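Okay, so here's the structure we're looking at.
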Amino acid sequence: MISKSAASSSSSLMKKIVILTGASDGLGKGAVKHLLSDYSNPSVHVIMACRSEEKALNAIKDIENELSTIKGSASSENLCKGSMEFMKLDLSDLESVKDFAKKFLEKNLPLHALVCNAGCWSSNERKTTKQGFEMSYGTNHLGHFLLVHLLLDKLKESAPSRVVIVASGLHKRGKIQDLLQDPNFEHVSKFSGNQAYNNSKLANVLFAYGLVRRLTQQASSSNHNLPQCGVSVYALHPGVVSTSLLREAFPSWIKPLTSLLFQTPEYASGCISYHAMDEKQEGVYGMKFYDQWKEKKSLNDTYSEKYQDRLWELTMSQLAPYLN
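Right, here's the structure in full:
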């Protein structure tokens, strides 16, 4: 049986601990299911970091019911070993991110994988986070950047460990100068929700590569026995998936067709769980961008150390009040 508070038990110390943001629906929910059904040696405890407790608990029930109905299967057997737990996290509120990290660290558990999956897409009406940042930038980039920053020492302690940043192929449509000079779209004649999302995904890839460089430097200066202090970092395009986030981006006439035209979350989420937990990805270091399961080249600008550093410095200045 899956316990919603299994992380408090001593048995969870024998499991791989995964934090997965946006785990209550879509790709996140599918990834939780894959983590529990596909990996059992060791089994996995998934902390579902979500805004809505109600949605998360409903997702837990759905996953339990779906996997347990596969009588006698490996999925059913693995389910008995794995576990899930809800923890509240609102990435659009930096105080919530700090509170989440504090409460997780108080559990005194290892952290083997941090999956930055939650995503926000805004319509063509500019909206802001609680701290006043443009919603896509503030949620998709700043919230996840802060979360990784606050949990990075725990990831190092738990090495080998992984950070999986669910970006998008749409990062190639991001505008690097706009991202660096006006990330909050405060100086545009007309706000574009699509462009804000694309820019936030570009920020995800730049962040992943900048983090790889910094971990590499730290490992070298400290004579660490593992590259990147044992923390692998992957940026990932999960495919074009029929999720609520994607459907919101399309005009009303095409929304009923998205389930026919695009991949299902159940299928595409398998690549998220693969990069988070599969032994084939153990010890894979360097600047890595994956199109689902295959490594691909990201936008040329993302390999620029100048752009990586400019975004890093900008982000650190924006997050300064929340870093300690």
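Just so you know, my numbering puts 246 at position 242 of the sequence shown, and the rest follows in order with no gaps.
Glycine included, every Cβ here is placed at the ideal spot set by N, Cα and C.
All figures in this text were calculated on a predicted structure; none of them were measured in a lab.
Item, Value
"With a cut-off of 8 Å on the beta carbons, I'd call Val168 and Ala122 a contact; round off their distance for me.", "With a Cβ gap of about 12 Å, Val168 and Ala122 do not count as contacting."
"For Leu39 versus Val48, is the C-beta spacing smaller than 7 Å?", "yes"
"Can you give me the start and stop residues for the beta strand (DSSP E) that Leu24 sits inside?", "20 to 25"
"By Cβ distance, which residues of its chain are closer than 7 Å to Met139, with the 5 residues on each side in sequence left out?", "Ser96, Cys124, Ser126, Lys131, Thr132, Thr133"
"Tell me where the beta strand (DSSP E) around Ala53 begins and ends.", "48 to 54"
"Quick check: Leu154 and Ala207, are their CB atoms within less than 7 Å of each other?", "no"
"Using 8 Å as the cut-off, can you tell me whether the region 28 to 35 makes contact with the region 265 to 275, which would need three or more C-beta pairs spanning the two stretches below that distance?", "yes"
"Where does the unbroken alpha helix (DSSP H) through Phe90 begin, and where does it stop?", "Here Phe90 belongs to no alpha helix (DSSP H); instead the beta strand (DSSP E) covers 87 to 92."
"For Val119, which beta-bridge partners are listed by DSSP?", "Leu24, Val168"
"Can you name the start and end residues of the beta strand (DSSP E) that Tyr238 belongs to?", "235 to 241"
"Threshold first: 4 residues or longer. Then list the alpha helix (DSSP H) segments lying entirely within the region 130 to 168, N to C.", "148 to 161"
"Just to confirm my understanding: we take Ile51, look at its own chain, exclude 5 residues before and 5 after, and list those with CB closer than 6 Å. What are they?", "Ile23, Glu89, Met91"
"Take Arg177 and list the residues in its own chain whose beta-carbon comes closer than 6 Å to its own, dropping the five residues that flank it on each side.", "Asn202"
"Going by the beta-carbon positions, is the gap between His191 and Leu240 smaller than 7 Å?", "no"
"Among the residues of its own chain, which have a CB less than 6 Å from the CB of Ser204, if the five just before and after it don't count?", "Ser140, Tyr141, Asn144, His145"
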